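Taking it in order: structure first as C-alpha cells, then the write-up.
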Amino acid sequence: MQRNGDPIVLCFVDFETPACAATARNALQGYRMDEEERDSKILQIQFSRNPGPRPGQRGGRR
Numbered sequence: 001m002q003r004n005g006d007p008i009v010l011c012f013v014d015f016e017t018p019a020c021a022a023t024a025r026n027a028l029q030g031y032r033m034d035e036e037e038r039d040s041k042i043l044q045i046q047f048s049r050n051p052g053p054r055p056g057q058r059g060g061r062r
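Numbering (full-length UniProt numbering), first residue to last: 1 to 62.
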C-alpha cells in the first residue's frame, strides 16, 4: 500500500527485443489512465534492474 492507502499495482512484460521494449516505454511513459479525471493515475515504466531469464521461465517463443 502507498501512504495514501492506494494499492501499488505492478506488472511485468517480456518483449522480443530490447528495441521493442524501448519503443513501448517511449510511447507509453506518462500515459494518463483517465484523460478526463484530473487526479488520474499516470503510467510509470522502468526497465528491470536484473534483465534476463527468471527462475521457472521457459526459453523460446510461445
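Glycine included, every Cβ here is placed at the ideal spot set by N, Cα and C. Quantities reported herein were computed from a predicted structural model and do not represent experimental measurements.
C-alpha of Gly-30 to C-alpha of Gly-56: approximately 31 angstroms in a straight line. Looking at the DSSP output, Ile-42 sits in a beta bridge with Arg-32.
When DSSP states are grouped into helix, strand and coil, Thr-23 belongs to the helix group. The three-state reading of DSSP puts Pro-51 in coil, since its state is none of H, G, I, E or B.
DSSP places Pro-7 in the coil class of the three-state scheme, outside both helix and strand. Setting aside the 5 residues that flank it on each side, Phe-47 is surrounded in the same chain by Ala-21 and Arg-25, each with a C-beta closer than 8 angstroms to its C-beta; the list follows chain order.
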